[in-house]
Structure formats: C-alpha cells, structure tokens
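> Quick one: this structure, given as structure tokens, is what I'll be asking you about.
Protein chains in written order, with my numbering: chain V, 1469 to 1613; chain A, 83 to 209.
And the structure:
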C-alpha cells in the first residue's frame, strides 16, 4: 500500500508531548537533509512561510546541535542520509528528551516504510515533494499545540 | 550570449514545457515546478535558475553512476536502486514529472533485477 502522509491523527505510536510555542517569535526549524538541491528547496520554502531555518546535512549533525543546547520548534528530517539516517536521529532525539515536533519527509512511499519511520518517534511523515499545502498543515499543527 | 539572454531563453523554454503539460497532461513538468516558481522573489531572485542548475548537475552524476553500475559484470541492483531513489527524490522535488515517472518504473526493474529494463529502457529515457 502506498501513502502520501502519516501522522497528525493517524499516529499508531504513542503521542509525544509538545513544548509550548511562543507565538510572538518566529518558528524555528531544523532541516535535516543531505541532498543539496532538496535542502535549498526546503529552506526557501520554509523561509517563505516566515520561519527561521537552520540546516543539518545528516542525522548526527542534528543530534549534535541538540546536544549543544540548540532548540527548534520543528525538525524536518529526511530518512536516508549518510553517517546517521532519519530513523536513528529521531530515536536519539526522543531518547534525549527532545519534545520538538519532528516531521519526516522521504521519497519512500510504502506504508511499511513510512510506519518504520513513524515508529522512531515522528509526529508525522510526508512523502516528497514537500509543497505549500503540506507545510501549511505542519505549521498549523505546530501553532495549535 | 550574455547571462540575461540565457535567462530569457530559459524562461521561454520553461514556458514551453508548461504548455506541453497543459496540452497533453503528461508533460515534462508538474505543479511542483509551479510552486518553486512562486518561491522566487526579491530575496531569492535566481532561485529557479539555481535549483534547475543543481538538478542538472545532480542528474548527470546520478545517471553516470547508474550507467556504470549497470555495466558491471555482476550488477548490484541495490546500489542502482539507491541512485534511482535519490534521483526520484530530487526530480519530484523540482517538478520533473516525466523523470520522476521513469525513476518509478526504473525502481521496479531494479526490484525485479531486470537488467534489460534498466539499462536498455530506463537509462536512455532519463538521458
């Protein structure tokens, strides 16, 4: 079976506690993606929505950022990356107690593949490409926490 | 030919790709490309040009890698699939509709370990 999205109501794993977002400051987003083209597209897209964006090129860089006390309202992570993939990075972030919203964005589209990614601790998972509609859903979920 | 002329030619060419899409509903570009064009503004005046250029560079590299992998005496279909998977991701993100569809078909050949479908069919289509 092929899906476009999982999560935000379709989550089969336990819900994760979210931190309260200060609506007066810009939403901060960490984009975790190794492909430079997709990194650029996602960065410009999220910036267009008025968010502040930081980039990491693999899961380890993302984990290291949180270990250095950085914090983000939203982590947007690819699945397949060198050094540390999205599943491992998500697991580590959750085990560290990170309560940021974590959304997966992947080219994989089989239910089993998306579910495996979700089970790592995602709030939702989307099949690429990321577009304005999907971003709107994610940001609305973030603001409604 | 200066950069301005090249950019104008690029704009005319992309417009023609869209006309092709609207006429036949099976064109080279899909709505994702429209979304990317909307992201171009005064803060990112060359955004479309930059992402298309990046896509071309990536594509050449990936197609070369796929071709080399398929030329091996023992084809590592998992390696080929990894390249195709990456290509599918970037082509769908940029709105390269036909390339994305070819990649999807290519992946099924890889799953079947079908060398004729991969090397004889999909590589020329992508090129």
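Beta carbons: idealized from backbone N, C-alpha and C, even for Gly.
1. Among all the DSSP beta bridges, which residues are the ones paired with residue 1473 of chain V?
2. Quick one: what's got a C-beta closer than 8 Å to residue 163 of chain A's C-beta in the same chain, skipping five residues either side?
3. For a test of the three-state rule: what should DSSP assign to residue 143 of chain A, helix, strand or coil?
4. Among residues of its own chain, excluding the 5 on either side of residue 1558 of chain V, which ones have a beta-carbon nearer than 7 Å to its beta-carbon?
5. Consult DSSP for residue 1547 of chain V and reduce its assignment to one of helix, strand or coil.
6. Spell out whether any CB of chain V is found under 8 Å from the CB atom of residue 237 of chain A.
7. Put residue 130 of chain A into one of helix, strand or coil per three-state DSSP.
8. Please report the distance separating the alpha-carbon of residue 1503 of chain V from that of residue 1612 of chain V.
9. Could you tell me whether any Cβ in chain V is nearer than 8 Å to the Cβ of residue 94 of chain A?
10. Would you say residue 106 of chain A reaches chain V, if we count a Cβ-Cβ gap shorter than 8 Å as a contact?
11. Apart from the five residues just before and just after residue 1473 of chain V, which ones in its own chain have a Cβ nearer than 6 Å to its Cβ?
12. For the stretch 1532 to 1548 of chain V and the stretch 141 to 149 of chain A, state whether three or more C-beta atom pairs, one from each stretch, are separated by less than 8 Å.
Looking at the coordinates:
1. Here residue 1473 of chain V refers to the residue found at position 5 of the first chain. Answer is V/1594, bridged to residue 1473 of chain V.
2. By 1-based counting over the second chain, the position of residue 163 of chain A is 81. The answer, listed in chain order, is 189, 192, 193.
3. For the purposes of this step, residue 143 of chain A is identified with residue 61 of the second chain, where counting begins at 1. Correct three-state label for residue 143 of chain A: helix.
4. In the first chain, counting from the first residue as 1, residue 1558 of chain V sits at position 90. 1545, 1570, 1588, 1589, 1590, listed in sequence order.
5. Counting from one through the first chain, the residue named residue 1547 of chain V turns up at place 79. In the three-state reduction of the DSSP assignment, residue 1547 of chain V falls in the coil class.
6. Nothing about residue 237 of chain A can be reported from this structure: the residues present for chain A run from 83 to 209 only.
7. To locate residue 130 of chain A, count along the second chain from 1; it is residue 48. Three-state DSSP puts residue 130 of chain A in a helix.
8. Within the first chain, residue 1503 of chain V is the residue found at index 35, counting from 1. Within the first chain, residue 1612 of chain V is the residue found at index 144, counting from 1. Note on geometry: alpha-carbon atoms of residue 1503 of chain V and residue 1612 of chain V lie some 31 Å from one another.
9. Locating residue 94 of chain A in the second chain gives position 12, where the first residue counts as 1. For residue 94 of chain A, the answer is no, since every Cβ of chain V falls outside 8 Å of its Cβ.
10. Position 24 of the second chain, counting from 1, holds the residue named residue 106 of chain A. Because residue 106 of chain A carries a pLDDT of 44, less than 50, the predicted location of this residue cannot be relied on, and no value is offered for it.
11. Numbered from its first residue, the first chain carries residue 1473 of chain V at position 5. Closer than 6 Å at the Cβ level, and outside the excluded window around residue 1473 of chain V, lie 1594.
12. no
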